[in-house]
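At position 72 of the sequence shown the residue is numbered 145 (our numbering), and the sequence of numbers has no breaks. First the structure, in the form of C-alpha coordinates, and then the observations on it.
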Amino acid sequence: MSSDHGSAPHGIRLPPGRRVELPGRGTTFVRELPGPPGAPTIVLLHGWTVSADLNWFACYEALGRRYRVLAIDHRGHGRGLRSRRRFRLADCADDVAALCRELGIRRITPVGYSMGGPIALLTWHRHRELVDSLVLCATAPYFRTPGTESAVFSMLPVFADAARFTPLPVRRAIAARLLGRRLDQDPFGQWARQEIGRGDPAAIAGAGASLGRFDARPWLADIDVPVSVVRTTRDQVVSPARQTELHAGIPGAQLVDVAADHAACVTGATRFVPALLRALRHVHTESGSGGGTPPRTSSRY
(Lines of atoms letter the chains of each structure in order from A; the text may use other names.)
(Lines give C-alpha, C1' and ligand atoms only; values in the text may rest on other atoms or scores of the structure.)
Protein backbone atom coordinates (compact mmCIF):
# COMPACT_ATOMS: atom_id res chain seq x y z
CA MET A 74 0.00 0.00 0.00
CA SER A 75 1.20 3.53 -0.71
CA SER A 76 -0.27 6.84 0.44
CA ASP A 77 -1.41 9.74 -1.73
CA HIS A 78 -2.93 12.94 -0.40
CA GLY A 79 -3.55 14.27 -3.90
CA SER A 80 -4.00 17.87 -5.01
CA ALA A 81 -7.06 19.98 -5.60
CA PRO A 82 -7.92 23.67 -6.03
CA HIS A 83 -7.74 25.96 -3.03
CA GLY A 84 -10.73 25.41 -0.78
CA ILE A 85 -11.23 21.75 -1.73
CA ARG A 86 -9.92 19.43 0.98
CA LEU A 87 -9.33 15.80 0.07
CA PRO A 88 -8.90 12.99 2.60
CA PRO A 89 -5.75 10.87 2.63
CA GLY A 90 -5.68 8.31 -0.14
CA ARG A 91 -3.70 5.18 -0.82
CA ARG A 92 -3.20 2.48 -3.40
CA VAL A 93 -4.37 -0.93 -2.29
CA GLU A 94 -3.44 -4.23 -3.91
CA LEU A 95 -6.47 -6.47 -4.40
CA PRO A 96 -5.12 -10.03 -4.64
CA GLY A 97 -5.70 -11.56 -8.05
CA ARG A 98 -7.31 -8.37 -9.38
CA GLY A 99 -4.86 -5.47 -9.42
CA THR A 100 -4.18 -2.21 -7.62
CA THR A 101 -6.90 0.30 -6.90
CA PHE A 102 -7.01 3.71 -5.23
CA VAL A 103 -9.13 4.60 -2.22
CA ARG A 104 -9.59 7.65 -0.03
CA GLU A 105 -10.33 7.08 3.64
CA LEU A 106 -11.77 8.93 6.60
CA PRO A 107 -11.74 7.02 9.90
CA GLY A 108 -14.90 8.56 11.36
CA PRO A 109 -15.87 8.30 15.04
CA PRO A 110 -15.04 5.09 16.93
CA GLY A 111 -17.55 2.38 16.08
CA ALA A 112 -19.14 4.36 13.25
CA PRO A 113 -20.75 2.46 10.35
CA THR A 114 -18.64 2.12 7.21
CA ILE A 115 -19.92 3.68 3.99
CA VAL A 116 -18.35 3.11 0.58
CA LEU A 117 -18.82 5.94 -1.92
CA LEU A 118 -19.28 4.81 -5.53
CA HIS A 119 -18.89 7.50 -8.18
CA GLY A 120 -20.44 8.10 -11.59
CA TRP A 121 -19.35 7.48 -15.16
CA THR A 122 -16.18 9.17 -16.59
CA VAL A 123 -15.30 10.98 -13.35
CA SER A 124 -13.36 9.98 -10.23
CA ALA A 125 -14.31 9.56 -6.59
CA ASP A 126 -12.86 12.99 -5.82
CA LEU A 127 -14.77 14.79 -8.57
CA ASN A 128 -18.00 13.12 -7.50
CA TRP A 129 -17.68 13.35 -3.73
CA PHE A 130 -15.29 16.18 -2.79
CA ALA A 131 -18.12 18.33 -1.44
CA CYS A 132 -19.36 15.47 0.76
CA TYR A 133 -16.18 14.14 2.36
CA GLU A 134 -16.01 16.45 5.37
CA ALA A 135 -19.63 16.12 6.48
CA LEU A 136 -19.64 12.36 5.99
CA GLY A 137 -16.32 11.89 7.78
CA ARG A 138 -17.70 13.50 10.94
CA ARG A 139 -20.27 10.70 11.24
CA TYR A 140 -19.00 7.65 9.36
CA ARG A 141 -15.97 5.67 8.40
CA VAL A 142 -15.71 6.62 4.73
CA LEU A 143 -14.08 4.77 1.84
CA ALA A 144 -14.19 6.30 -1.66
CA ILE A 145 -12.89 4.05 -4.42
CA ASP A 146 -11.95 4.97 -7.98
CA HIS A 147 -13.68 2.39 -10.16
CA ARG A 148 -11.63 0.32 -12.55
CA GLY A 149 -10.55 2.36 -15.56
CA HIS A 150 -11.59 5.63 -13.88
CA GLY A 151 -9.27 8.04 -12.10
CA ARG A 152 -6.52 6.05 -10.42
CA GLY A 153 -8.60 2.91 -10.26
CA LEU A 154 -7.60 -0.63 -11.14
CA ARG A 155 -6.44 -1.31 -14.70
CA SER A 156 -7.40 -4.50 -16.49
CA ARG A 157 -7.31 -5.92 -20.00
CA ARG A 158 -10.65 -7.59 -19.41
CA ARG A 159 -13.85 -6.22 -20.88
CA PHE A 160 -15.36 -3.70 -18.46
CA ARG A 161 -18.27 -5.01 -16.41
CA LEU A 162 -20.15 -3.21 -13.68
CA ALA A 163 -20.21 -6.56 -11.87
CA ASP A 164 -16.41 -6.49 -11.68
CA CYS A 165 -16.62 -3.07 -10.01
CA ALA A 166 -18.93 -4.58 -7.41
CA ASP A 167 -16.48 -7.43 -6.90
CA ASP A 168 -13.67 -4.87 -6.51
CA VAL A 169 -15.62 -3.29 -3.66
CA ALA A 170 -15.96 -6.66 -1.96
CA ALA A 171 -12.26 -7.43 -2.50
CA LEU A 172 -11.29 -4.06 -1.00
CA CYS A 173 -13.38 -4.75 2.08
CA ARG A 174 -11.80 -8.18 2.50
CA GLU A 175 -8.34 -6.65 2.20
CA LEU A 176 -9.15 -4.01 4.83
CA GLY A 177 -10.91 -6.44 7.16
CA ILE A 178 -14.31 -4.77 6.82
CA ARG A 179 -17.33 -7.04 7.32
CA ARG A 180 -20.34 -4.79 6.74
CA ILE A 181 -20.82 -1.69 4.61
CA THR A 182 -23.38 0.70 3.22
CA PRO A 183 -22.65 1.23 -0.48
CA VAL A 184 -23.59 4.78 -1.52
CA GLY A 185 -23.94 4.93 -5.31
CA TYR A 186 -24.28 8.04 -7.44
CA SER A 187 -25.44 7.73 -11.08
CA MET A 188 -23.34 4.81 -12.45
CA GLY A 189 -22.41 4.11 -8.84
CA GLY A 190 -26.04 3.14 -8.25
CA PRO A 191 -25.85 0.00 -10.40
CA ILE A 192 -22.51 -0.85 -8.78
CA ALA A 193 -24.10 -0.51 -5.33
CA LEU A 194 -27.03 -2.69 -6.39
CA LEU A 195 -24.70 -5.31 -7.84
CA THR A 196 -22.63 -5.28 -4.65
CA TRP A 197 -25.77 -6.30 -2.77
CA HIS A 198 -26.78 -8.79 -5.48
CA ARG A 199 -23.40 -10.54 -5.54
CA HIS A 200 -22.16 -10.06 -1.95
CA ARG A 201 -25.22 -10.01 0.26
CA GLU A 202 -23.31 -10.96 3.39
CA LEU A 203 -21.34 -7.70 3.07
CA VAL A 204 -24.14 -5.18 2.54
CA ASP A 205 -25.90 -3.75 5.58
CA SER A 206 -27.97 -1.16 3.69
CA LEU A 207 -27.98 0.87 0.46
CA VAL A 208 -28.19 4.54 -0.51
CA LEU A 209 -28.87 5.20 -4.20
CA CYS A 210 -28.49 8.75 -5.55
CA ALA A 211 -29.46 10.25 -8.93
CA THR A 212 -29.67 6.79 -10.41
CA ALA A 213 -32.03 4.26 -11.95
CA PRO A 214 -32.70 0.52 -12.26
CA TYR A 215 -31.93 0.72 -16.00
CA PHE A 216 -30.63 3.42 -18.32
CA ARG A 217 -30.96 2.80 -22.02
CA THR A 218 -34.33 3.63 -23.54
CA PRO A 219 -33.75 5.53 -26.81
CA GLY A 220 -36.09 8.44 -27.33
CA THR A 221 -37.24 8.75 -23.74
CA GLU A 222 -34.06 9.42 -21.79
CA SER A 223 -31.32 12.02 -21.85
CA ALA A 224 -29.03 11.83 -24.85
CA VAL A 225 -26.16 11.06 -22.50
CA PHE A 226 -27.62 7.63 -21.76
CA SER A 227 -29.81 6.91 -24.78
CA MET A 228 -26.69 7.27 -26.95
CA LEU A 229 -24.41 5.16 -24.75
CA PRO A 230 -23.24 2.87 -27.57
CA VAL A 231 -22.33 5.87 -29.73
CA PHE A 232 -20.38 7.50 -26.90
CA ALA A 233 -18.69 4.20 -26.14
CA ASP A 234 -17.49 3.76 -29.72
CA ALA A 235 -16.46 7.40 -30.05
CA ALA A 236 -14.49 7.31 -26.82
CA ARG A 237 -12.12 4.76 -28.34
CA PHE A 238 -11.12 7.12 -31.14
CA THR A 239 -11.42 10.61 -29.65
CA PRO A 240 -11.01 9.74 -25.98
CA LEU A 241 -10.24 12.90 -24.07
CA PRO A 242 -12.58 15.37 -25.84
CA VAL A 243 -15.49 12.95 -25.63
CA ARG A 244 -14.82 12.12 -21.99
CA ARG A 245 -14.57 15.81 -21.10
CA ALA A 246 -17.82 16.57 -22.88
CA ILE A 247 -19.66 13.79 -21.08
CA ALA A 248 -18.14 14.69 -17.72
CA ALA A 249 -19.01 18.36 -18.16
CA ARG A 250 -22.62 17.37 -18.74
CA LEU A 251 -22.64 15.09 -15.70
CA LEU A 252 -20.88 17.69 -13.52
CA GLY A 253 -23.28 20.40 -14.59
CA ARG A 254 -20.66 22.94 -15.63
CA ARG A 255 -18.11 23.73 -18.31
CA LEU A 256 -14.56 22.61 -17.68
CA ASP A 257 -13.00 26.04 -18.13
CA GLN A 258 -9.40 27.04 -17.43
CA ASP A 259 -10.23 28.12 -13.89
CA PRO A 260 -8.63 26.07 -11.08
CA PHE A 261 -11.62 23.75 -10.72
CA GLY A 262 -11.83 23.17 -14.46
CA GLN A 263 -8.13 22.41 -14.69
CA TRP A 264 -8.35 19.98 -11.80
CA ALA A 265 -11.42 18.30 -13.31
CA ARG A 266 -9.63 17.92 -16.64
CA GLN A 267 -6.71 16.31 -14.85
CA GLU A 268 -8.95 13.87 -13.00
CA ILE A 269 -10.87 12.94 -16.15
CA GLY A 270 -7.62 12.54 -18.07
CA ARG A 271 -6.48 9.85 -15.64
CA GLY A 272 -9.15 7.49 -16.97
CA ASP A 273 -8.46 4.70 -19.44
CA PRO A 274 -10.30 5.38 -22.74
CA ALA A 275 -11.18 1.76 -23.47
CA ALA A 276 -12.46 1.18 -19.94
CA ILE A 277 -14.54 4.37 -20.01
CA ALA A 278 -16.03 3.24 -23.30
CA GLY A 279 -16.75 -0.19 -21.87
CA ALA A 280 -18.34 1.35 -18.79
CA GLY A 281 -20.77 3.26 -20.98
CA ALA A 282 -21.71 0.13 -22.88
CA SER A 283 -22.08 -1.87 -19.65
CA LEU A 284 -24.27 0.84 -18.16
CA GLY A 285 -26.45 0.67 -21.24
CA ARG A 286 -26.94 -3.07 -20.71
CA PHE A 287 -27.71 -2.83 -17.00
CA ASP A 288 -31.22 -3.71 -15.83
CA ALA A 289 -31.97 -4.51 -12.19
CA ARG A 290 -35.76 -4.60 -12.55
CA PRO A 291 -36.02 -8.41 -12.43
CA TRP A 292 -34.58 -8.53 -8.90
CA LEU A 293 -35.29 -5.13 -7.29
CA ALA A 294 -38.14 -6.60 -5.25
CA ASP A 295 -35.73 -9.13 -3.72
CA ILE A 296 -33.69 -6.44 -1.95
CA ASP A 297 -34.03 -7.16 1.76
CA VAL A 298 -31.88 -4.47 3.38
CA PRO A 299 -32.84 -0.88 4.26
CA VAL A 300 -32.65 1.41 1.23
CA SER A 301 -32.82 5.16 0.71
CA VAL A 302 -33.26 6.65 -2.76
CA VAL A 303 -32.06 10.24 -3.13
CA ARG A 304 -34.01 11.63 -6.09
CA THR A 305 -32.71 14.67 -7.97
CA THR A 306 -35.99 16.25 -9.03
CA ARG A 307 -34.57 18.57 -11.72
CA ASP A 308 -32.38 15.91 -13.32
CA GLN A 309 -32.12 16.00 -17.11
CA VAL A 310 -29.65 13.12 -17.33
CA VAL A 311 -31.37 10.43 -15.27
CA SER A 312 -35.01 11.45 -15.31
CA PRO A 313 -36.89 11.83 -12.01
CA ALA A 314 -39.45 9.38 -13.40
CA ARG A 315 -36.77 6.73 -13.80
CA GLN A 316 -35.53 7.44 -10.27
CA THR A 317 -39.11 7.14 -9.00
CA GLU A 318 -39.34 3.76 -10.69
CA LEU A 319 -36.25 2.67 -8.75
CA HIS A 320 -37.82 3.74 -5.46
CA ALA A 321 -41.15 2.07 -6.25
CA GLY A 322 -39.46 -1.20 -7.14
CA ILE A 323 -37.70 -1.68 -3.79
CA PRO A 324 -39.97 -2.74 -0.91
CA GLY A 325 -39.90 -0.27 1.97
CA ALA A 326 -37.37 2.09 0.39
CA GLN A 327 -37.29 5.65 1.71
CA LEU A 328 -37.42 8.53 -0.78
CA VAL A 329 -35.45 11.74 -0.17
CA ASP A 330 -35.92 14.54 -2.70
CA VAL A 331 -33.31 17.13 -3.68
CA ALA A 332 -34.38 20.10 -5.80
CA ALA A 333 -31.32 19.91 -8.03
CA ASP A 334 -30.11 18.49 -11.33
CA HIS A 335 -27.80 15.55 -12.03
CA ALA A 336 -24.79 17.48 -10.77
CA ALA A 337 -26.33 17.96 -7.32
CA CYS A 338 -23.25 16.53 -5.64
CA VAL A 339 -21.15 19.35 -7.16
CA THR A 340 -23.30 22.35 -8.05
CA GLY A 341 -26.07 21.70 -5.52
CA ALA A 342 -24.00 20.39 -2.64
CA THR A 343 -25.62 22.68 -0.05
CA ARG A 344 -28.89 20.85 -0.72
CA PHE A 345 -27.50 17.44 -1.60
CA VAL A 346 -25.26 16.83 1.42
CA PRO A 347 -28.05 17.30 4.03
CA ALA A 348 -30.30 15.02 1.96
CA LEU A 349 -27.58 12.38 1.80
CA LEU A 350 -27.12 12.56 5.57
CA ARG A 351 -30.87 12.09 6.08
CA ALA A 352 -30.82 9.09 3.77
CA LEU A 353 -27.92 7.54 5.68
CA ARG A 354 -29.52 8.16 9.07
CA HIS A 355 -32.65 6.38 7.87
CA VAL A 356 -30.96 3.22 6.62
CA HIS A 357 -28.71 2.91 9.65
CA THR A 358 -31.62 3.38 12.03
CA GLU A 359 -33.58 0.72 10.13
CA SER A 360 -30.65 -1.71 10.05
CA GLY A 361 -29.78 -1.17 13.71
CA SER A 362 -26.19 -0.22 12.87
CA GLY A 363 -26.51 3.25 14.39
CA GLY A 364 -27.40 6.65 13.02
CA GLY A 365 -23.93 7.55 11.91
CA THR A 366 -22.66 9.12 15.07
CA PRO A 367 -20.20 8.40 17.26
CA PRO A 368 -24.32 -16.65 -2.96
CA ARG A 369 -22.44 -15.11 -5.88
CA THR A 370 -24.31 -14.87 -9.20
CA SER A 371 -23.14 -14.43 -12.78
CA SER A 372 -23.73 -11.16 -14.59
CA ARG A 373 -23.55 -9.83 -18.11
CA TYR A 374 -23.23 -6.16 -17.06
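Note that beta-carbon positions come from the ideal geometry of N, C-alpha and C, so glycine has one too.
Those residues which DSSP pairs with residue i across a bridge
{"i": "A144", "result": "R104, L117"}
{"i": "G99", "result": "L95"}
{"i": "C210", "result": "Y186, V303"}
{"i": "Y133", "result": "Y133 is not bridged to any residue."}
{"i": "V204", "result": "I181"}
Between the CA atoms of residue j and residue i - distance to the nearest angstrom
{"i": "L106", "j": "G137", "result": "6 Å"}
{"i": "G285", "j": "P88", "result": "32 Å"}
{"i": "A326", "j": "E359", "result": "11 Å"}
{"i": "L195", "j": "V93", "result": "22 Å"}
{"i": "N128", "j": "D205", "result": "23 Å"}
{"i": "G270", "j": "G153", "result": "12 Å"}
{"i": "Q263", "j": "W121", "result": "19 Å"}
{"i": "T239", "j": "H355", "result": "Low confidence applies to T239: its pLDDT is 44, below 50, so where it sits in the model is not reliable, and the reading given next is rough at best. Their backbone Cα atoms lie some 43 Å apart in a straight line."}
{"i": "C338", "j": "V123", "result": "12 Å"}
{"i": "R201", "j": "D146", "result": "22 Å"}
{"i": "T100", "j": "M188", "result": "21 Å"}
{"i": "D334", "j": "V311", "result": "9 Å"}
{"i": "A282", "j": "P274", "result": "13 Å"}
{"i": "R174", "j": "P299", "result": "22 Å"}
{"i": "A280", "j": "Q309", "result": "20 Å"}
{"i": "S372", "j": "P96", "result": "Note that S372 has pLDDT 47, beneath the 50 cutoff, so the model's placement of it is unreliable and the number below is only indicative. If I take the Cα positions, the gap works out to 21 Å."}
{"i": "L203", "j": "W197", "result": "7 Å"}
{"i": "E222", "j": "A314", "result": "Here E222 scores only 48 on pLDDT, less than 50, and its place in the model should not be relied on; the value that follows carries that caveat. Rounded to whole angstroms, E222 to A314 spans 10 Å at the Cα level."}
{"i": "G341", "j": "W292", "result": "32 Å"}
Assigned exposure category for residue i - 16 Cβ within 10 Å defines buried
{"i": "T343", "result": "exposed"}
{"i": "P214", "result": "buried"}
{"i": "E268", "result": "buried"}
{"i": "D259", "result": "exposed"}
{"i": "P82", "result": "exposed"}
{"i": "R141", "result": "buried"}
{"i": "P324", "result": "exposed"}
{"i": "D164", "result": "buried"}
Residue nearest to residue i in terms of C-alpha spacing, selected from the options
{"i": "L319", "options": "C210, T340, A333, V356", "result": "C210"}
{"i": "G111", "options": "G272, R217, G270, R179", "result": "R179"}
{"i": "G322", "options": "A337, D297, A333", "result": "D297"}
{"i": "R304", "options": "W292, L293, T317", "result": "T317"}
{"i": "R148", "options": "R139, Y133, V310, R161", "result": "R161"}
{"i": "P183", "options": "A144, F216, S156", "result": "A144"}
{"i": "H150", "options": "C173, R86, V103", "result": "V103"}
{"i": "T212", "options": "H198, P191, W197, L203", "result": "P191"}
{"i": "E134", "options": "P109, S156, F261, R157", "result": "P109"}
{"i": "R91", "options": "L172, F130, D167, A166", "result": "L172"}
{"i": "R307", "options": "S301, L293, V331, R290", "result": "V331"}
{"i": "I85", "options": "D167, F130, A289", "result": "F130"}
{"i": "V169", "options": "P347, S301, L118", "result": "L118"}
{"i": "T376", "options": "R159, F216, F345, I181", "result": "Because the chain here runs from 74 to 374, residue 376 falls outside it and cannot be looked at."}
Cutoff 7 Å: residue i Cβ touching any chain C Cβ
{"i": "P89", "result": "Within the model displayed, chain C is absent; a lone protein chain is all it includes."}
Check: residue i C-beta below 6 Å from any heavy atom of the ligand GTP
{"i": "A125", "result": "Among the components modelled here there is no ligand, and therefore nothing to report on the ligand GTP."}
What residue ranges within the segment 141-198 form continuous alpha helix (DSSP H) runs of no fewer than 4 residues, ordered along the chain? Assignment of alpha helix (DSSP H) within the segment 141-198, counting only whole runs of 4 or more residues, yields 162-176 in chain order.
Report the start-end ranges of each beta strand (DSSP E) in the segment 269-351 that is 3 residues or longer and not cut off at the edges. Here the runs fully enclosed are 300-305, 327-331.
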